[in-house]
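Participant: Before I ask anything, here is the structure I am working with.
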Amino acid sequence: MKVAVIGGGIAGMGATYSLHRRHEVTLFEESPMLGGHAHTVEVTREGRTVPVDIGFLIYHPWVYPNLSALFRKLGVETQPLRPGLELSIHFQGGHWRTGRDSAFWESVRHEVDRFQLALPELVSNPKKYMPMTVEQYLDQEGYSEDFKHKVVAPLLSVLFVTRIGLLQMSMFMVAATFGPVSGYALEGPTPWRTVKQGSREYVRRLSAGFAAGVRTGCGVRSIRRERDGVTVTSADGGVHRFDQVVLATEAGTALKLLEDPSSDEAVLLGEVEYEPASIVLHTDPRVMPEDRSLWAAYTYVTSEARGPFTRAHYNYYLPALQDWAEGDLFATCNPPEGLIDPAKVVKTMRWQHLVCDGMHPVRSAELHRIQGKRRTYFCGEYVGFISGHEMAFTSGLAVGRALGGEFPFEDSEFARRSFYDLAVHHMKVVRPEDAPVEGAPTWWPPPMARVQSEVLRGLVEDEVRRRMRTVLPLPQVLRSLEQAVAGTVAGRVSLYDELRKQKKQGS
């Protein structure tokens, strides 16, 4: 079978990696190199050249199980962050830094302790906390505005690299993302890792096995789907025929490439939200606090005194993340105009970051309606229930598996459980009977996709029971349910569509 994969980021590479041993795969990438957010830049420092990353920088084996399995399989060398991942948050009139006391920290310490101690309970009760936003939870439990805007919101900004919709995320999803290792612990450094000599090392090893089918510097102009195949027209005017196509791009790009998108494709892809992000690699220390003892791997800075903050920028202090990068070297996300000396800029990247708000898990759960239809599959971080490099890679593997490719990490329990949870219960591209039979549920990784599916189904059942208890005559209730079931079977009733309508009516 001939398969076209459009997009050479980690999702497209994951799909190609799964497929290339069993099918004839062509990977199209508009840029001159593969990798997407796995982007390494060479910087000259004191007469020597050093590689540094400005996109994908760090990972934790428990939070990135499939990516970790890939590194082991490919023999990619990694190293721990020393002393660990640390945060430093600065605003007008105060600051806090991981593991350091300050006047502000003392004022919120009791809330920090209460929040961290509550995380296991939140993860254990998804039906209650999946529909609840972070802001709703914090307000309901009586947390202060300072804790909300000066601790939790900056923390989520660092984690999800966006400023939009953070406090509207599902409280359950946020609690589960923190993980059993308190991945972004508030009170001490945490043990994350980085790829030695930059993420390009894993990109090279990953793509070596399918290099013959890679076409870099070759964008795609359009995709036409027909009964007997798919026609891909490349930007250079070339016309290529395939049996199947995998779109591993941002959702909006995928929609633009399709010549005749279906109504479902138009709605579901068109609703995915992104925030433009400018990442500047530079050597200007003015982006950081004057007191160097307050510098940390992730340093969040705003001139505002009270939240919600709208003018914040955050910096990756690269020597704290990749210790072979020495001196004043920073990657700053969304810096204010004029803050960085242009003479000290090494490189600027402009990306789109997924907005992972409270509607995203529900929205992405509906994408299964377009998977595999008309010889087309979709993968990328937007396809998963939460954003990130791991989700993008795993979604690519899932699409590959759906097309007859292999899942290469069956020997890793963490990776296997995480993969089939996404592929079977969320993306629904792998049948339950094709997944291995697992033993008793483990405490990690949590089966978040399965839990989400069960919670959403439970909410619908609760609504049915509520309606059954109303004063409506029984025949009218039965007719209503019959119509709903008929609509669902026909594929025209969408839980996401209904929630979207309610959200608009509420606003």
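Quick note: the sequence shown uses full-length UniProt numbering, first residue 1, plus one each step.
Think of the CB as a built atom: it goes at the ideal place given N, C-alpha and C, for glycine as much as any other residue.
According to DSSP, is W351 part of a helix, a strand, or is it coil?
Facilitator: Assigned with DSSP and collapsed to three states, W351 falls in strand.
Participant: Do the CB positions of A248 and G9 come within less than 8 angstroms of each other?
Facilitator: Closer than 8 angstroms, so yes.
Participant: Which runs of the alpha helix (DSSP H) spanning at least 4 residues fall entirely within the segment 377-430, listed in chain order?
Facilitator: Listed in chain order, they are 389-402 and 413-420.
Participant: Out of L119, A331 and P408, which one is the CA nearest neighbour of M288?
Facilitator: The shortest C-alpha separation from M288 is found at A331.
Participant: Three Cβ pairs or more, each shorter than 8 angstroms: is that satisfied between the segment 166-174 and the segment 353-368?
Facilitator: yes
Participant: Which complete beta strand (DSSP E) runs does the segment 69-103 hold, if anything under 3 residues is left out?
Facilitator: Complete beta strand (DSSP E) runs here, min 3: 78-80, 87-91 and 94-97.
Participant: Could you name the residues that DSSP lists as bridge partners for D53?
Facilitator: T40
Participant: Distance check for T98 and I89, CA to CA, integer angstroms please.
Facilitator: Taking the straight line from one Cα to the other gives about 9 angstroms.
Participant: In the DSSP assignment, what residue or residues form a beta bridge with H282?
Facilitator: F330 and V345
Participant: When burial is assigned at 16 or more other CB atoms within 10 Å of the CB, is T26 buried or exposed?
Facilitator: buried
Participant: Just checking my contact of A11 with F28 at CB under 8 angstroms: how many whole Å lie between their CB atoms?
Facilitator: Taking 8 angstroms as the upper bound for CB-CB distance, A11 and F28 are not in contact here, some 13 angstroms apart.
Participant: In angstroms, rounded to a whole number, what distance separates the CA positions of Y317 and G238?
Facilitator: G238 has its alpha-carbon roughly 44 angstroms from the corresponding atom of Y317.
Participant: What's the call for T177, buried or exposed, on a 16-neighbour Cβ count within 10 Å?
Facilitator: buried
Participant: With DSSP run on the structure shown, which of helix, strand or coil describes Y314?
Facilitator: Under the three-state reduction of DSSP, Y314 is assigned to strand.
Participant: Out of S207, S124 and H20, state which residue places its alpha-carbon closest to the alpha-carbon of M33.
Facilitator: S207
Participant: Do S157 and Y314 have their beta-carbon atoms positioned less than 8 angstroms apart in this structure?
Facilitator: yes
Participant: Closer than 8 angstroms is the cut-off here; do at least three beta carbon pairs connect the segment 272-280 with the segment 347-355?
Facilitator: Per the Cβ contact rule, the segment 272-280 is in contact with the segment 347-355 (3 or more Cβ pairs under 8 angstroms).
Participant: Check whether the segment 285-303 and the segment 72-90 are in contact - that is, three or more C-beta pairs closer than 8 angstroms.
Facilitator: yes
Participant: Can the beta-carbon of G219 be found closer than 8 angstroms to that of S234?
Facilitator: yes
Participant: Among A398, R363, L329 and Y64, which has the Cα closest to the Cα of Q347?
Facilitator: In the sequence as displayed, the identity of residue 347 is Lys instead of Gln. If we check each option's Cα against that of K347, L329 comes out closest.
Participant: Under 8 angstroms between the Cβ atoms of F409 and A402?
Facilitator: Annotated as distal: F409 and A402, with beta-carbon spacing of 8 angstroms or more.
Participant: By a C-beta neighbour count over all protein chains shown, 10 Å radius and 16 as the cutoff for buried, is T133 buried or exposed?
Facilitator: Counting Cβ neighbours within 10 Å, T133 comes out buried, since at least 16 surround it.
Participant: Find out if the Cβ-Cβ distance for the pair M427, A392 is shorter than 8 angstroms.
Facilitator: no
Participant: I'd like the list of long-range same chain contacts for V429, defined as Cβ closer than 8 angstroms, with 5 residues on each side in sequence excluded.
Facilitator: So the qualifying residues of the chain are H368, Q371, G372, Y377, A398, V399, R401, A402 and A423.
Participant: Rounded to a whole number of angstroms, what is the C-alpha to C-alpha distance between F71 and Y64?
Facilitator: 11 angstroms
Participant: For T253, which three-state DSSP category applies?
Facilitator: Helix, per DSSP.
Participant: Find out if the Cβ-Cβ distance for the pair K196, E77 is shorter than 8 angstroms.
Facilitator: yes
Participant: Whose C-beta lies closer than 8 angstroms to the C-beta of E111 among residues of the same chain, with five residues either side of it excluded?
Facilitator: Excluding residues within five positions, the ones whose Cβ falls inside 8 angstroms are Y143, S144, F147 and V151.
Participant: To the nearest whole angstrom, what separates the beta carbons of G198 and D53, a pair I think is in contact under 8 angstroms?
Facilitator: 5 angstroms
Participant: Compare the beta carbon distance of H389 and I340 with 8 angstroms and say whether it is the shorter of the two.
Facilitator: In this structure, I340 does not lie closer than 8 angstroms to H389 by Cβ.
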